[in-house]
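S.K.: Please find one structure pasted underneath; my questions will follow.
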Amino acid sequence: MNPIAQPETNFNAPDSVLAQTIAADSGWQQDGSGAVYDERGVIVASSLADLGIIGRELGWFTPRGTVASGLVWAKIPDGSATRADQARAAARRLGL
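Each number in our numbering comes from the position in the sequence shown (counting from 1) with 1 added on.
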């Protein structure tokens, strides 16, 4: 498992990069196949791309069509465990 690095920027970034920011801020890790795990080693998403879909569904990202991309920190829960639980629940709803 490898720590997920903070991206250099979120400006006009795809959802997978925004998801990477949340994962890095949460202290999550990624395995060799790209799956994302929380701090307890429990899978959160099968990839950063899927985590991007999940984050978009949860409203963690600025709405599509805005001038620039970014995170809506007010909608992202404090605490890695709460974030992971919400992401896993959304993944189940989305069939990811």
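For glycine and all other residues, C-beta sits at the position ideal for the given N, C-alpha and C.
Take Gln31 as the anchor and find which of Ala6, Arg84 and Gly66 has the nearest alpha-carbon.
M.R.: Taking only the C-alpha atoms, the option nearest Gln31 is Ala6.
S.K.: Which residues in the same chain have their Cβ closer than 8 Å to the Cβ of Pro78, if we skip the five residues on either side of it in sequence?
M.R.: Taken in chain order, the residues that qualify are Arg84 and Gln87.
S.K.: Which one or two residues does DSSP pair with Phe62 in a beta bridge?
M.R.: Paired residues: Leu72.
S.K.: When you compare each of Leu97, Ala20 and Ser48 to Gly60 by their alpha carbons, which one comes out closest?
M.R.: For the residues Leu97, Ala20 and Ser48, the minimum Cα distance to Gly60 belongs to Ala20.
S.K.: Touching or not, the segment 26 to 40 and the segment 54 to 71, by the rule of three or more beta carbon pairs under 8 Å?
M.R.: Because the criterion of three Cβ pairs below 8 Å is not met, the segment 26 to 40 and the segment 54 to 71 do not touch.
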